[in-house]
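Residue numbers (this note's numbering), protein chains in the order written: chain A, 215 to 568; chain B, 215 to 568; chain C, 215 to 568; chain D, 215 to 568; chain E, 215 to 568. Where is the CB? At the ideal position from N, CA and C, for every residue including glycine.
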Amino acid sequence: MSRSTRYSNKKFGLPPGSLVFTGRKKTEQLQISVMDYGPEQLEESQSRDITSCFPFRDTSATSWITITGLHETEKIEALTKHFGIHPLISEDILNIQQRPKVEVFDDYVFITLKILDFEKDTRLVGIDQVSLILGNGYVLMFQEQQESLFDPLRKRVRESKGRIRRMNSDYLLYAILDIIVDHYFVNLEQISDHIETIEKHLMTEPDPKTLNEIYRLKREVLFLRKSVWPLREAISRLEKSESALITEKIIPYLRDLYDHAIQAIDSIETSRDLLSGMLDLYLSSVSNRMNQVMKMLTIIATIFIPLTFIVGIYGMNFENMPELEWHYAYYAVLGFMFTVAIGMLIWFRKKRWL
Amino acid sequence: MSRSTRYSNKKFGLPPGSLVFTGRKKTEQLQISVMDYGPEQLEESQSRDITSCFPFRDTSATSWITITGLHETEKIEALTKHFGIHPLISEDILNIQQRPKVEVFDDYVFITLKILDFEKDTRLVGIDQVSLILGNGYVLMFQEQQESLFDPLRKRVRESKGRIRRMNSDYLLYAILDIIVDHYFVNLEQISDHIETIEKHLMTEPDPKTLNEIYRLKREVLFLRKSVWPLREAISRLEKSESALITEKIIPYLRDLYDHAIQAIDSIETSRDLLSGMLDLYLSSVSNRMNQVMKMLTIIATIFIPLTFIVGIYGMNFENMPELEWHYAYYAVLGFMFTVAIGMLIWFRKKRWL
Amino acid sequence: MSRSTRYSNKKFGLPPGSLVFTGRKKTEQLQISVMDYGPEQLEESQSRDITSCFPFRDTSATSWITITGLHETEKIEALTKHFGIHPLISEDILNIQQRPKVEVFDDYVFITLKILDFEKDTRLVGIDQVSLILGNGYVLMFQEQQESLFDPLRKRVRESKGRIRRMNSDYLLYAILDIIVDHYFVNLEQISDHIETIEKHLMTEPDPKTLNEIYRLKREVLFLRKSVWPLREAISRLEKSESALITEKIIPYLRDLYDHAIQAIDSIETSRDLLSGMLDLYLSSVSNRMNQVMKMLTIIATIFIPLTFIVGIYGMNFENMPELEWHYAYYAVLGFMFTVAIGMLIWFRKKRWL
Amino acid sequence: MSRSTRYSNKKFGLPPGSLVFTGRKKTEQLQISVMDYGPEQLEESQSRDITSCFPFRDTSATSWITITGLHETEKIEALTKHFGIHPLISEDILNIQQRPKVEVFDDYVFITLKILDFEKDTRLVGIDQVSLILGNGYVLMFQEQQESLFDPLRKRVRESKGRIRRMNSDYLLYAILDIIVDHYFVNLEQISDHIETIEKHLMTEPDPKTLNEIYRLKREVLFLRKSVWPLREAISRLEKSESALITEKIIPYLRDLYDHAIQAIDSIETSRDLLSGMLDLYLSSVSNRMNQVMKMLTIIATIFIPLTFIVGIYGMNFENMPELEWHYAYYAVLGFMFTVAIGMLIWFRKKRWL
Amino acid sequence: MSRSTRYSNKKFGLPPGSLVFTGRKKTEQLQISVMDYGPEQLEESQSRDITSCFPFRDTSATSWITITGLHETEKIEALTKHFGIHPLISEDILNIQQRPKVEVFDDYVFITLKILDFEKDTRLVGIDQVSLILGNGYVLMFQEQQESLFDPLRKRVRESKGRIRRMNSDYLLYAILDIIVDHYFVNLEQISDHIETIEKHLMTEPDPKTLNEIYRLKREVLFLRKSVWPLREAISRLEKSESALITEKIIPYLRDLYDHAIQAIDSIETSRDLLSGMLDLYLSSVSNRMNQVMKMLTIIATIFIPLTFIVGIYGMNFENMPELEWHYAYYAVLGFMFTVAIGMLIWFRKKRWL
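So, in structure tokens, the structure goes:
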């Protein structure tokens, strides 16, 4: 629950640019995996040694360098130094409460964004941060833990499917972003499914648990929103940056990505509106039920309270109560009470309370 | 219900530009129908063979090429390749969850938008996607199923009514957009009718079903809104694009279209506000009814509970209760109780509870 | 009620520029009235023949040509053709669901806006559309029915009051707009009066009718808002248009008009906020009343239910109930019950329920 | 109450620029008071003759000309004509429903704004309009009635305190504006005090009067808002106007004024939010109280209703009821009922209803 | 409570630029402390004599001059005069109700912002104002009281940790701002913790205190918001100012700061949304409880009221009531009543009230 509302104060008082990992350690050991590819060649390697990836900065082929696990801050520092990254950017990579953003420098582009994962059982949205650095001929990808999300992309590189092997590092960057944004729709679909389930529940038998579900989902949608909104502006800035690293050819792809981001935002807003509407509906249906209960009580009470009064009268012990001695008085009273009860029922029906 | 809140994950992990139809198959077989016309001539043809329409790209007359059914993706791919459409645009044509948008390229203009259909019985808004490509001398129209909506336009072409036969392909594009936007008003009118019906219901006898109706309509209006809002920006972009395909003569028509789109948005917002107001009214009228019920209960209970207590007193079996032996005690008690009851009624009336 | 939420579908499927009158016929026959004036001369004429006003296009004096009644579409068409108006503008003149707007052409300016009329008895806002065309030396005014609103302006022209006779057609246009916008304030004042009346009602004796009144007024304010908001932008566009028809001298007047429009919007927004606040107040005061009723019930019930139990005890028929035979038992029980009742009242008062 | 929701229709139908005073007459007779000062000299005069101030237009010293009372419209007209003011501006000076605004002309600057006065007893915000005209070497100030607000400023001029005597007419203008804006804070502080008082009340003993207070205060804050919001834009326009009358030296002062206006808006928004929060709190605390009352009723009723049933059983007159004859039956029944009551109380406590 | 809603009227009527301290005296005596440092040297001094810091204006090293305690206005005036600060800025330094802002002058930059301190026990946000003046080679810092917040920064200067000793005064300014903004996150984390605690409470046992807590926290978040929002614009203005005092090197740091400010705003907005959601949840859970109580009452009452009526019948004293004499009548009645009770319970269960 605390995952997104918390902010780390580990860093308070440290000099700016101090490298501190603000997350939980999700991976045992830092791991480097490299894919170095061109139209014709492909080289893959894995290592725990940070220096193993240094040479790829200067290969003419496109290198996709993935760093998994961010808690070994000195290694990250060594890496970013080698690739000439500004210390504040290194700090941003390690600070996993970063807002999605794009920063364009002369010789590299920095992008940080969120991978979302709606877990069906707990109905919580898990959030991992991914930071990307696009340089000349390489993409550095920093992630907190191994993400299976990118497996299809790796496969496409390996099998040279689509145009990926023929394109430059900016297309690789786009392909990674595209995977992440497309994954949002998987999450959104699951949330939509969940909303529909709750909706059906609401119509048939609303109970307090439904309310808790709505509240929870609202909160999760709130976090989703917070993670996706800034993305729109970030991608737009990427598209409009006149960086030499972003080639002309890639612009239509980025525009497409931008459309997807807007579409994701649209559907988050729709989910929000639907959940608000459902909350209203729940509250009204609860108050409807209460109404029914109240009506029941009123009908029973208003019929029997006067009748009980009548029988009370003839239970009094006065010596002089002539009615008591009349032969058919008892039946007369019973009949009278029956008439009163029927009369009241008719009146209720006329008042539309029944 | 799921029609608009769902997002397809069929495409997750595929390379960008992969042609996947994300909708349900609404038409048995892909069908091509072509109208090729000029001021003096008209040629109509229908076919299931995708290549049959290829020659029309280069005729000097204006060609309106309609492709119905989007599930045969290879045929669509062949067509878009022939007409020189970017693969990402082809992808957008097949992805029926597309947001309305306009993209202007050097030699064609791409427009995608929604045809709405409010079904009176189910009170659901059906949404079909239509994509249009305006090229030099032709308009390609991709639709999920046969839309009777365009019949009046076809008739105008056939009978050479209005100026359509004398104008270029950009006027044809405008005429198609105009039909779609005008059709929104047909839907909006039906929704307005529905709102009025509910309103009358609300005034006379609100019941929980009314609430469900309001909620449903709100949700449908939400979807309408989502489909119409982006259109405004799209048309504005079309108007301001300095594409050679959009001639000077067509600008006033596009501005008119833009006005219509804003008017549609206006009336959607009004419907939303009215529905919100009706929800408030419903809730208040329900709580009013509850109030009346409660008052009834209170009046009956507060009158008879004390009286029942009094008759209880004289039902006690104490040996020494002198009143019991007085000759007119019974009548005195009856009279006293009557006085109490009347007094209470007067008091209630003074307190304005009756 | 339907007056503003409805949209006409009479026009669906017709070619753009088709002249169809979308309103109800409010006037028996189309009527033309012309005022042709200069600093020194004034000529007035009335006619049912549309061609009678054609010569005024070219007189050097300023001509104010009023066309009343829009259902005779061919006549309107003839007129607009003579004055060189674009067919889409003619269509807008006849479509009375038009949003207020300004369109500036090379040789004329088109303005359409609403005349509002809050009817005190029905508390409904009547809406008439007025379209104006400012040409070189003339103003064409199209209205659905005779509006008494413009009588003071006609009188000013006749009596050469103010500067109107010395000014050009753009001043006439401004004077007409000024009258219409000033008339909004008359409506707004009536609505304000109504709000005040309801407010007083609310404080003294809220009832469900008040709620209905608030709801109604809210809806009317909604329609007012829809008619007035776009005006602001329209006037601003008029002011900023560099049309030769709008002379330098008229700019301060238009700026003044713009200020009035903003002021009208301001007061509509205030009315909306007040009505929302009143709704809250109403709901709270209703729930307050309910609270009082509930308290009453609780007090009566909690006092008498235990007492009735006590008298019930001594109404039991057990053979061995020694208390029944004690001489003063009856009085003791009465005294005890009295003490209980007083004790409870004191306790309620301490709990601040009384 | 009507003071701010009303709009005058006195002016409807009159030619633009007609001078009509739309307010109530707050001052018996129009009065002119002039302060003519330079670094070394000071001349003060008071008069009822409008022409007495005409010469000050052309003195080389700075003249502060105050006109109090706006109902003698011909005198105002004579004055504005002499000073070369546009008739529409004269109209704005007399129309006290004006929105705060700034208009910059070639040889004068017009500013109109509101003086606010929160009256503690009635909790109503009194609104007076002040219009200012900054000319070359003079400031004309039009006010509805004598405002004691400006006394400290007059004193500063007389005693040559601060830099006022050494500065030009634009500094005088600023000093007047500064006084008015600073006075807003006095009002806002009083409203804040009031909010605090209500807040304390809310926590201890909320009653319906509190609700009325909150509603009233909300309405007043609404009016404040309406008077202060446009000021921000007006001052900003003044600062950015490149009028020769606004010297370079005065810009930091205007920027400071702008900051104050924003701060006033900020605190109005805060007050609004606090009042909304208080409304929620009030409603919840009322519903909490109701809950307690309901619980009380339920507990009493659910304990005694079954017990009353039991004693009713033994009050029946059947001949064959063996229990009645048992010797300790009475005590047994009493004991049984006591046990039931205790059991229920324990059960209620377990359910956390007690 | 009044700390942030109050505005001082101490200053009303004084000339602009009058130095008045509008806060409470939080420090006994004004104190000056100076750190004068360069890459190689460091000089620290403390004094109560204001003139002691005057020479540092002209030292070539970077001087960090802290003035603690703002109530001795003449001393502040002497200081600001010496450093050539505009009187309006001096006024702003002393006016602790200032909105966060940046003002860029030719030879200095003025920044004012808030230090926030959420006190866990009282759940109140304490607000101190800090004003900073960046000049050529010095930073003046004005604070109301000694802030322990800056101790880590002082330590970094002393121990020459990070790059601070090698950088200019603009980096010092940045470092101070960074500390303050980072401290916001410490506060926000504490508020988040608090929100979580309340949330857990809400789920298990909501009580009126929870409501008060939510309301309080909402109010505090409101104040936080008011203090943090304007910061965003202020930092952005600082970044975009082309002041010679802000060197090129510092821009990435300011951009980073800007990101932090946005992140703080983001999380404040999230807290607001969460608190609103919790309020809804609280209200619903309270109404749920009420529902349960009502059901209880209804069930007890609807079962026993009819039964009590039945026993009342046989408590009547009519002479001719044949049933009374039947031998097993008593048991028959008991059995009948038992059946009725069971039947009702079954019916309730079917209606899902149990």
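C-alpha gap between residue i and residue j, whole angstroms
i         : j         : result
Ile527(C) : Gly526(D) : 8 Å
Glu358(B) : Asp392(B) : 19 Å
Leu548(A) : Tyr542(A) : 10 Å
Ser259(A) : Asp396(E) : 40 Å
Lys239(C) : Ser441(C) : 21 Å
Asp335(B) : His408(B) : 11 Å
Asp272(C) : Tyr251(B) : 42 Å
Phe364(D) : Ile246(C) : 58 Å
Leu497(D) : Thr294(D) : 54 Å
Phe550(A) : Met530(E) : 15 Å
Ala478(B) : Arg486(A) : 23 Å
Ala275(E) : Phe399(E) : 32 Å
Glu419(C) : Glu434(C) : 24 Å
Spatial neighbours of residue i in its chain, beta-carbon cut-off 7 Å, leaving aside the 5 residues before and after
i         : result
Phe523(D) : none
Arg217(A) : Any reading at Arg217(A) must be qualified, since the residue scores a pLDDT of 45, below 50, and its modelled position is unreliable; the value itself is stated next. Answer for Arg217(A): Ile341, listed in chain order.
Extent of the continuous alpha helix (DSSP H) to which residue i belongs
i         : result
Asp407(D) : Ser383 to Thr418
Thr282(E) : First-last for Thr282(E): Thr276 to Thr282, but that is the beta strand (DSSP E), not the alpha helix (DSSP H).
Ser490(A) : Ile465 to Ile527
Thr424(D) : Pro422 to Lys454
Glu317(B) : That residue, Glu317(B), is in no alpha helix (DSSP H); its beta strand (DSSP E) goes Lys315 to Val318.
Val547(E) : Ala543 to Lys564
Rounded distance between the beta-carbons of residue j and residue i, thought under 8 Å
i         : j         : result
Met558(D) : Ile519(D) : Between Ile519(D) and Met558(D) the Cβ distance is about 11 Å, and since that is not below 8 Å, they are no contact.
Asp342(C) : Lys328(C) : 7 Å
Met492(E) : Ile412(E) : 7 Å
Pro229(A) : Arg370(E) : 6 Å
Leu308(A) : Leu346(A) : At roughly 14 Å, the Cβ-Cβ gap does not stay under 8 Å, so Leu308(A) and Leu346(A) are not in contact.
Delimiting residues of the beta strand (DSSP E) encompassing residue i
i         : result
Glu533(E) : Unbroken run through Glu533(E): none, as it is neither H nor E.
Phe356(D) : Tyr352 to Gln357
Thr326(D) : Val323 to Glu333
Same chain, Cβ closer than 6 Å to residue i, five either side skipped, listed in chain order
i         : result
Arg439(E) : Ile482
Ile290(A) : none
Ser304(E) : Leu233 and Thr294
Own chain, CB closer than 8 Å to residue i, minus 5 neighbours either side, in chain order
i         : result
Met215(A) : Caution applies to Met215(A), whose pLDDT of 33 falls short of 50 and renders its modelled position unreliable; the model cannot decide the point.
Glu452(E) : The sequence as given places Leu at residue 452(E); Glu does not occur at that position. Val316, Val318, Val323, Ile325, Ile460 and Leu468, listed in sequence order.
Where in the segment 289 to 313 of chain D do unbroken runs of the alpha helix (DSSP H), each at least 4 residues long, occur, reported from the N-terminal end onward? The segment 289 to 313 of chain D contains, as complete alpha helix (DSSP H) runs of 4+ residues, the segments 301 to 308 (chain order).
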